[in-house]
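For the sequence shown, UniProt numbering assigns the number 1 to the initial residue and increments by one for each residue that follows.
For glycine and all other residues, C-beta sits at the position ideal for the given N, C-alpha and C.
Here the structure is a predicted model, which means the values were calculated and not measured.
This report refers to the structure that appears directly beneath it.
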Amino acid sequence: MGTLQDALRDAGIASEKQVYESRAEIQLRAEMEAAQRAKPAKEKEKRLGILRETSSPDTFRRESRKLLLLWPDLVQELINIAHAQGMHKKKDKGGTRLIANLYQVKEMLKQSDLTDKAKQALADKLFSNK
Numbered sequence: 001m002g003t004l005q006d007a008l009r010d011a012g013i014a015s016e017k018q019v020y021e022s023r024a025e026i027q028l029r030a031e032m033e034a035a036q037r038a039k040p041a042k043e044k045e046k047r048l049g050i051l052r053e054t055s056s057p058d059t060f061r062r063e064s065r066k067l068l069l070l071w072p073d074l075v076q077e078l079i080n081i082a083h084a085q086g087m088h089k090k091k092d093k094g095g096t097r098l099i100a101n102l103y104q105v106k107e108m109l110k111q112s113d114l115t116d117k118a119k120q121a122l123a124d125k126l127f128s129n130k
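Quick look at the structure:
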């Protein structure tokens with residue numbers, strides 16, 4: 001079963017080169033769209049990796065805020081990572097406040113009627129970059 005491009009080529013309306021370039025362009029666009037869709041997932045995994053490796057509450061707060069602005073529903077995973085990294089033991093560096101803020105964000109996000117934009121705004125407000 002031929003395509004429109006094949007029919008145009010067979011009729012002499014489009015050259016072999018034009019058909020080839022058109023197919024290459026379509027394939028390139030499809031690959032670019034796939035890469036664009038994969039970019040947020042890579043970004044998410046990169047930031048989660050940073051959180052799993054850091055021992056600094058300031059770095060943890062900064063990366064958590066970035067994640068919460070994009071994926072507010074990740075708050076429980078962030079809490080789990082914070083506890084695993086021992087942030088609650090770093091009282092003099094703001095680790096306890098960090099975990100308290102994460103729990104506060106979690107409680108506020110439980111409101112089922114919030115849109116994604118509202119959740120992001122709430123995460124931005126409650127987990128501000130201090």
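Candidates the options: closest to residue i by CA position
i           : options        : result
residue 178 : 102, 31, 60    : The structure shown has nothing for residue 178, since the chain only spans 1 to 130.
residue 82  : 41, 49, 16, 39 : 49
residue 45  : 95, 67, 58     : 67
residue 134 : 103, 113, 70   : This structure cannot speak to residue 134, because the chain is shown only from 1 to 130.
residue 97  : 6, 79, 8, 121  : 79
First and last residue of the uninterrupted alpha helix (DSSP H) at residue i
i           : result
residue 108 : 95-109
residue 82  : 75-84
residue 57  : 57-70
residue 4   : 4-10
Residue j beta carbon less than 9 Å from that of residue i
i           : j           : result
residue 33  : residue 51  : no
residue 119 : residue 73  : yes
residue 100 : residue 109 : no
residue 55  : residue 17  : no
Residue burial classification, residue i (beta-carbon count within 10 angstroms, cutoff 16)
i           : result
residue 1   : Below a pLDDT of 50, predicted positions are generally treated as unreliable, and residue 1, at 42, falls in that range; the measurement from the model is reported next regardless. Result: exposed.
residue 12  : exposed
residue 65  : buried
residue 4   : exposed
residue 102 : buried
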